[in-house]
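Trainee: At position 46 of the sequence shown the residue is numbered 46 (the UniProt record's numbering), and the sequence of numbers has no breaks.
Each residue gets a CB set at the ideal place from its N, CA and C atoms; glycine is no exception.
One structure coming up, written as structure tokens, with questions to follow.
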Amino acid sequence: MTKPLRFLQHYSPTLQDKIRQLQAQGLLGDYITQRYPQHHTIQTDKALYQYSNEIKQTFLRNAPQLDKVHYDNKLGIEHHALGLNTAISRVQGGKLKAKKEIRISSFFKESPTEFLRMIVVHELAHLKERDHDKAFYQLCQHMEPNYHQLEFDCRVYLTWKSEAKA
Numbered sequence: 001m002t003k004p005l006r007f008l009q010h011y012s013p014t015l016q017d018k019i020r021q022l023q024a025q026g027l028l029g030d031y032i033t034q035r036y037p038q039h040h041t042i043q044t045d046k047a048l049y050q051y052s053n054e055i056k057q058t059f060l061r062n063a064p065q066l067d068k069v070h071y072d073n074k075l076g077i078e079h080h081a082l083g084l085n086t087a088i089s090r091v092q093g094g095k096l097k098a099k100k101e102i103r104i105s106s107f108f109k110e111s112p113t114e115f116l117r118m119i120v121v122h123e124l125a126h127l128k129e130r131d132h133d134k135a136f137y138q139l140c141q142h143m144e145p146n147y148h149q150l151e152f153d154c155r156v157y158l159t160w161k162s163e164a165k166a
């Protein structure tokens, strides 16, 4: 019985076997660093907000304004949440105000540029599409044409990083 790949369970057995082979040979890190050699420099919440807002303005001009985007130390691999999109509703005066907030796991501070973009695109897509359905993934692909490959490779990256922690 082969050990399940926690982050890759929904992929084909053939693809999982290829990743297991790389894992057994100790080559997962090489696979990732060869494909994604650049780490980003977006280290502050202010820079993350600006980065996210630029993508939003390019693709989702009519979506609600982002009130806050920040790194969150409480989100991580072990919590099965790498990003969260929330709307906090408050009554102000006689009006109901909803503040849109995106939280990105601090795990992504040390990730390749493409993975940060992928997770930001994912969370921004939730401004328009709440569910992970066909329309949601079409929107993700509109904002990042390589979205599905990046999501897969990010899951390989998570597998590699969680293996290194163990």
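1. Relative to the C-alpha of residue 37, which residue among 93, 159, 54, 153 is closest?
2. Quick one: what's got a C-beta closer than 7 Å to residue 35's C-beta in the same chain, skipping five residues either side?
3. Does the separation of the CB atoms of residue 85 and residue 126 fall below 9 Å?
4. What are the boundary residues of the beta strand (DSSP E) that residue 86 is part of?
5. Straight-line CA distance for residue 149 to residue 68?
6. Pick helix, strand or coil for residue 103, following the three-state DSSP scheme.
7. Below 8 Å on the Cβ atoms is my contact criterion, and I expect residue 8 with residue 155 to pass it. Report the Cβ-Cβ distance as a whole number of Å.
8. Less than 9 Å separating the beta-carbons of residue 163 and residue 23?
9. Whole angstroms is fine: what's the gap from residue 88's alpha carbon to residue 33's?
10. What does the alpha-carbon distance come out to for the pair residue 12 and residue 18?
11. Between 41, 143, 20, which lies nearest to residue 113 when the distance is taken from Cα to Cα?
12. Considering only C-alpha positions, which residue in the set 14, 3, 10, 45 is nearest to residue 103?
13. Out of 71, 53, 74, point me to the one whose CA is closest to residue 64's CA.
Mentor: Reading off the structure:
1. As a position in the sequence shown, residue 37 is number 37, starting the count at 1. The candidate whose alpha carbon is nearest that of residue 37 is 153.
2. Counted from its first residue, the sequence shown places residue 35 at position 35. Closer than 7 Å at the Cβ level, and outside the excluded window around residue 35, lie 153.
3. For the purposes of this step, residue 85 is identified with residue 85 of the sequence shown, where counting begins at 1. For the purposes of this step, residue 126 is identified with residue 126 of the sequence shown, where counting begins at 1. Yes, the Cβ-Cβ distance between residue 85 and residue 126 is below 9 Å.
4. For this step, residue 86 is matched to residue 86 along the sequence shown. Per DSSP, residue 86 belongs to the beta strand (DSSP E) from 83-92.
5. Translated into the one-based positions of the sequence shown, residue 149 becomes position 149. Translated into the one-based positions of the sequence shown, residue 68 becomes position 68. In a straight line, the C-alpha of residue 149 is about 28 Å away from that of residue 68.
6. Walking along the sequence shown from the start, residue 103 turns up at place 103. Of the three classes helix, strand and coil, the one that applies to residue 103 here is strand, per DSSP.
7. Residue numbering aside, residue 8 sits at position 8 when the sequence shown is read from its first letter. Residue numbering aside, residue 155 sits at position 155 when the sequence shown is read from its first letter. About 5 Å separates the two Cβ atoms, so the contact holds.
8. Start at 1 with the first residue of the sequence shown, and residue 163 comes out as number 163. Start at 1 with the first residue of the sequence shown, and residue 23 comes out as number 23. A contact, by the Cβ cut-off of 9 Å.
9. One-based indexing of the sequence shown puts residue 88 at position 88. One-based indexing of the sequence shown puts residue 33 at position 33. Approximately 38 Å, taken between the alpha carbons.
10. Taking the sequence shown and counting its residues from 1, the one referred to as residue 12 is at position 12. Taking the sequence shown and counting its residues from 1, the one referred to as residue 18 is at position 18. Between residue 12 and residue 18, the C-alpha separation is close to 10 Å.
11. Within the sequence shown, the letter at position 113 stands for residue 113. Minimum Cα distance to residue 113 is reached at 41.
12. Counted from its first residue, the sequence shown places residue 103 at position 103. With distances taken between Cα atoms, residue 103 lies closest to 45.
13. Position 64 of the sequence shown, counted from the start, is the residue given in the question as residue 64. Nearest option by C-alpha distance: 53.
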